[in-house]
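Engineer: Per numbering that gives the first Met the number 0, the very first residue in the sequence shown carries number 0; after that it's consecutive.
Quick reminder that beta carbons are idealized off the backbone N, C-alpha and C, glycines included.
Every value quoted in this text rests on a predicted model; they were computed, and no experiment measured them.
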Amino acid sequence: MLRPVRTSMCTKCSLRLVVPLLERTYNVRVVSVQRSTNALVPRPVFGRHASSTTWTKSSTAQGEGPEESKIRAVPFRQHPTAADETFERYHGHNFFSAKPQQAKGPVERYLPFWVGSAKIRARITQAQVGRDITRTVYNPRTGRMETRWDTDWRWVHDQFTFSRSYSPTQYPDLQVYASYKYRRGFVNPIRGASIADATQLSPSMLDPSPQASEYQTVRKVDPYTMRPTIAQKFIQAAIQSNEEAAADLFLRETYRADRTRLVRIELEFEDFKLYPVYLPAYVYTIRYLGRKFRTIINGNDLLVGGQRMYDWNKISVATALGTSSFMLLSGGLGGAVPGGLTGAFWLGIVAPVVVASLLTLYYPILSLYARDLWRQAEMRAHAQEPDSRWDTDWIHAYSAYEEQARYRAWQQEQQYGGGYREKFGYEERESMRRSGGDPKGYYGILGVTKDASKEEIQSAFRGLAMKHHPDRYSTPKEKEAAKVKFQQISAAYSVLRDPQKRRQYDTTGQG
């Protein structure tokens, strides 16, 4: 269905003619949404083989969304009935839960995410470590020596440097919700390892669930409204926070300290990448006290997020029983409050019951209001950010297998110190060196020519990596030989897949 906003009569007539033709031809729903005169206006249109999202900003500036060929999506793998069961369990997980009476859904929808990965070098430039000790000090008020706890702080004079590889399958915080449609706190719980199932987004992925006729609705695709540079800041902040926590743990274990402070870390991002990926979601709408609440369930692995409600009647009864039991066991408060037993009844039982009931009843509303304020402040702050290009050299098409292979190669480099590059593959390198143009034999290892495209190199790497992966072999000798070959393949691919490293290798033979 098309909803043109503030368009001229000529434009409306054109849209009424074109949109039905597009929907019949490509079997999709075309949606147009305009948020404001200065907001981004998403207009997703899906072709036969891929997806495309274009953007316009006001009437003077124009830009594009993520490049069509780089968009990936995680497919729906769970039936809507499984989502219904997950919804019921989530909102009925204990005795005090209030099952929603006015729930609508599920609506099958693809939610946009920016997914990041990075290799970093972290250096601890400053830190203090402290040990909890007891000191005996003079108390001038009492005139006596007293023992109390204190912390003995010492500066760390050593400098430590760490290398770490961040993958979105291991660190869900590297998956950033790229829209402002839903509250971020309700969307974040659906992030997880399902990102590894991402494939090329195609029109067939928009087809509704075929198993049951009652769920025959066209899947919706939300547009990207968060710029990649903003997502980059989210991811870098998450990595910074993780490195600070890791540094704190490392310092306390290394120096056998109880606490740390004044820790300063310098981060260097050696290989930062960002990928546009859609996650599948079943979205339920709950009406509660006149407000709409969303429960979002991952359509691939059934991870769920949303506001839980609790039954204020059960809470009030439990509070009344608890306070009454406490008063009976403690002998009452009749002599401690004005009014005797009557005052104790109102202050000790009625007041706690009223407070607990009101908090239980209105907490979801207050929480939603706070989240709305946070979202509006976030949108205002992001609107002040300078515009950035949707497609930069660090935005790529996501490949989970490629990412995992890079992560394993990095781990092996850390374990072996890179020595295998000099120890293994000597014969291949010598052969290519004699033939010229391939000093270390990287092209020969992958079996490609010097003018091979990036896609050919990726294709060769996938085939060789699958063939020589150590997990495919059973005997220790075969595993060791496969490990050596896999390391050679990973080393060659790490250079040839990167245009700058490949150019340097072709020019100087270094890489």
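Could you check where the alpha helix (DSSP H) with I238 kicks off and where it finishes?
Structural biologist: Working through the sequence shown from its first residue, we reach residue 238 at position 239. Taken as a continuous stretch (DSSP letters only), the alpha helix (DSSP H) holding I238 covers P227 to T253.
Engineer: Keeping to the same chain, check which residues put their C-beta closer than 8 Å to that of I456; ignore five residues upstream and five downstream.
Structural biologist: Counting from 1 along the sequence shown, the entry for residue 456 is found at position 457. Once the five neighbours on either side are set aside, the close Cβ partners of I456 are L445, V447, Y492, L495 and R496.
Engineer: Alpha carbon to alpha carbon, how far is A376 from R163? Give it in angstroms, no decimals.
Structural biologist: Counting from 1 along the sequence shown, the entry for residue 163 is found at position 164. Counting from 1 along the sequence shown, the entry for residue 376 is found at position 377. Cα-Cα distance, rounded: 33 Å.
Engineer: Please go through the same chain and pick out, in chain order, the residues whose beta-carbon is closer than 8 Å to the beta-carbon of H468, but skip the five residues on each side of it.
Structural biologist: To locate residue 468, count along the sequence shown from 1; it is residue 469. Contacts found: A481 and F485.
Engineer: Quick one: any contact between the stretch 243-261 and the stretch 171-187, if contact means 3 or more CB pairs under 8 Å?
Structural biologist: Taking 8 Å as the limit for Cβ pairs, the verdict is that the stretch 171-187 does not touch the stretch 243-261.
Engineer: Are the beta-carbon atoms of Y281 and T224 separated by less than 9 Å?
Structural biologist: What you label residue 281 is simply residue 282 of the sequence shown in a count that begins at 1. What you label residue 224 is simply residue 225 of the sequence shown in a count that begins at 1. Against a cut-off of 9 Å, the Cβ pair of T224 and Y281 comes out as no contact.
Engineer: What does the alpha-carbon distance come out to for the pair T506 and N187?
Structural biologist: Numbered from its first residue, the sequence shown carries residue 506 at position 507. Numbered from its first residue, the sequence shown carries residue 187 at position 188. Going by the C-alpha atoms only, they are around 45 Å apart.
Engineer: Report yes if the C-beta distance between R260 and W152 is below 9 Å; otherwise report no.
Structural biologist: As a position in the sequence shown, residue 260 is number 261, starting the count at 1. As a position in the sequence shown, residue 152 is number 153, starting the count at 1. It is a contact, given that the beta carbons lie within the stated cut-off.
Engineer: Based on the DSSP output, what are the partners of M144 in its beta bridges?
Structural biologist: Against the sequence shown, residue 144 aligns to sequence position 145. Paired residue(s): Y137.
Engineer: Keeping to the same chain, check which residues put their C-beta closer than 6 Å to that of R218; ignore five residues upstream and five downstream.
Structural biologist: Counting from 1 along the sequence shown, the entry for residue 218 is found at position 219. Hits under 6 Å: E107 and L205.
Engineer: Rounded to a whole number of angstroms, what is the C-alpha to C-alpha distance between T294 and Y441?
Structural biologist: On the sequence shown, residue 294 is found 295 positions in, with the first residue counted as 1. On the sequence shown, residue 441 is found 442 positions in, with the first residue counted as 1. So the two alpha carbons sit approximately 50 Å from each other.
Engineer: Buried or exposed for N93, please, with buried defined as at least 16 other CB atoms from any protein chain shown within 10 angstroms of its CB.
Structural biologist: Residue 93 sits at position 94 when you count from the first residue of the sequence shown. Counting Cβ neighbours within 10 Å, N93 comes out exposed, since fewer than 16 surround it.
Engineer: How is Q199 classed by DSSP in three states: helix, strand or coil?
Structural biologist: Residue numbering aside, residue 199 sits at position 200 when the sequence shown is read from its first letter. Reduced to three states, the DSSP call for Q199 is strand.
Engineer: Taking only three categories from DSSP, how would you classify L495?
Structural biologist: Your numbering for residue 495 matches position 496 in the sequence shown. Looking at L495 - three-state DSSP - the assignment turns out to be helix.
Engineer: From the DSSP output, in three-state form, read off D371 for me.
Structural biologist: Taking the sequence shown and counting its residues from 1, one reaches residue 371 at position 372. Helix at D371.
Engineer: Which runs of the beta strand (DSSP E), 3 residues or longer, sit entirely within the stretch 249-295?
Structural biologist: DSSP runs (the beta strand (DSSP E)) wholly in the stretch 249-295: 258-287.
Engineer: Quick one: what's got a C-beta closer than 7 Å to W154's C-beta in the same chain, skipping five residues either side?
Structural biologist: Within the sequence shown, numbered from 1, the residue matching residue 154 stands at position 155. Q127, listed in sequence order.
Engineer: Quick check on DSSP: helix, strand or coil for E107?
Structural biologist: Here residue 107 corresponds to residue number 108 of the sequence shown, with the count starting at 1. The answer is strand: DSSP assigns E107 an E or B state.
Engineer: Tell me which residues share the same chain as Q499 and place their Cβ nearer than 7 Å to its Cβ, disregarding the 5 neighbours each side in the sequence.
Structural biologist: Within the sequence shown, numbered from 1, the residue matching residue 499 stands at position 500. Here the set comprises nothing.
Engineer: Let me confirm a value: M308 is counted as buried when at least 16 other C-beta atoms fall within 10 Å, else exposed. Which label applies?
Structural biologist: The residue you call residue 308 lines up with position 309 of the sequence shown. Buried, because 16 or more other Cβ atoms sit within 10 Å of the Cβ of M308.
Engineer: With a CB to CB cut of under 6 Å and the five nearest residues on each side skipped, what residues in its chain are close to A237?
Structural biologist: The residue labelled residue 237 in the question sits at position 238 within the sequence shown. So the qualifying residues of the chain are D172.
Engineer: Hey, how far is the Cα of R76 from the Cα of N297?
Structural biologist: Here residue 76 refers to the residue found at position 77 of the sequence shown. Here residue 297 refers to the residue found at position 298 of the sequence shown. Rounded to the nearest angstrom, the two C-alpha atoms are 9 Å apart.
Engineer: Measure how close the beta-carbons of Y274 and Y397 come, nearest whole angstrom, since I'm counting them as under 8 Å.
Structural biologist: By one-based count along the sequence shown, residue 274 stands at place 275. By one-based count along the sequence shown, residue 397 stands at place 398. Yes, they are in contact, since the Cβ atoms of Y274 and Y397 sit about 4 Å apart, within 8 Å.
Engineer: Grab me the residues of D310's own chain with a C-beta within less than 8 Å of its C-beta, minus the 5 sequence neighbours each way, in chain order.
Structural biologist: One-based indexing of the sequence shown puts residue 310 at position 311. Once the five neighbours on either side are set aside, the close Cβ partners of D310 are F95, S96, A97 and T359.
Engineer: Would you mind giving the Cβ-Cβ distance between F292 and G305, rounded to the nearest angstrom? I have them listed as a contact below 8 Å.
Structural biologist: Taking the sequence shown and counting its residues from 1, one reaches residue 292 at position 293. Taking the sequence shown and counting its residues from 1, one reaches residue 305 at position 306. Confirmed, Cβ separation roughly 7 Å.
Engineer: Span of the beta strand (DSSP E) holding R88?
Structural biologist: Mapped onto the sequence shown, residue 88 falls at position 89. Where R88 is concerned, there is no enclosing beta strand (DSSP E), although the alpha helix (DSSP H) it sits in stretches over P79 to Y89.
Engineer: Checking 9 Å against the spacing of the C-beta atoms, do L110 and P279 come in under that value?
Structural biologist: Here residue 110 refers to the residue found at position 111 when the sequence shown is read from its first residue. Here residue 279 refers to the residue found at position 280 when the sequence shown is read from its first residue. Their beta carbons are under 9 Å apart, which means L110 touches P279 by this criterion.
Engineer: Just to confirm the assignment, what range does the beta strand (DSSP E) spanning G304 have?
Structural biologist: Counting from 1 along the sequence shown, the entry for residue 304 is found at position 305. Segment V303 to G305, the beta strand (DSSP E) holding G304.
Engineer: How would you write the range of the beta strand (DSSP E) that F159 sits in, first residue to last?
Structural biologist: Taking the first residue of the sequence shown as position 1, residue 159 is located at position 160. Where F159 is concerned, the enclosing beta strand (DSSP E) stretches over F159 to Y165.
Engineer: Quick one, are the C-beta atoms of L234 and W389 less than 9 Å apart?
Structural biologist: Position 235 of the sequence shown, counted from the start, is the residue given in the question as residue 234. Position 390 of the sequence shown, counted from the start, is the residue given in the question as residue 389. Contrary to the premise, residue 234 reads as Ile rather than Leu in this sequence. No, Cβ-Cβ distance for I234 and W389 is not below 9 Å.
Engineer: Could you check the C-alpha separation between T253 and D149 for me, to the nearest Å?
Structural biologist: Within the sequence shown, residue 253 is the residue found at index 254, counting from 1. Within the sequence shown, residue 149 is the residue found at index 150, counting from 1. When rounded, the distance between both Cα atoms is 21 Å.
Engineer: If you draw a straight line from the C-alpha of D83 to the C-alpha of T341, how long is it?
Structural biologist: Here residue 83 corresponds to residue number 84 of the sequence shown, with the count starting at 1. Here residue 341 corresponds to residue number 342 of the sequence shown, with the count starting at 1. Cα-Cα distance, rounded: 49 Å.
Engineer: Nearest-angstrom Cα distance between A102 and G289?
Structural biologist: Position 103 of the sequence shown, counted from the start, is the residue given in the question as residue 102. Position 290 of the sequence shown, counted from the start, is the residue given in the question as residue 289. Those two C-alpha atoms are separated by around 13 Å.
Engineer: Excluding five sequence neighbours on each side, which residues of the same chain lie with their C-beta closer than 7 Å to the C-beta of D131?
Structural biologist: For the purposes of this step, residue 131 is taken as residue 132 along the sequence shown, with counting starting at 1. Hits under 7 Å: W148, T150 and D257.
Engineer: Per DSSP, which one or two residues make a beta bridge with A581?
Structural biologist: Outside the shown range of the chain, which is 0 to 510, sits residue 581, and nothing can be said about it.
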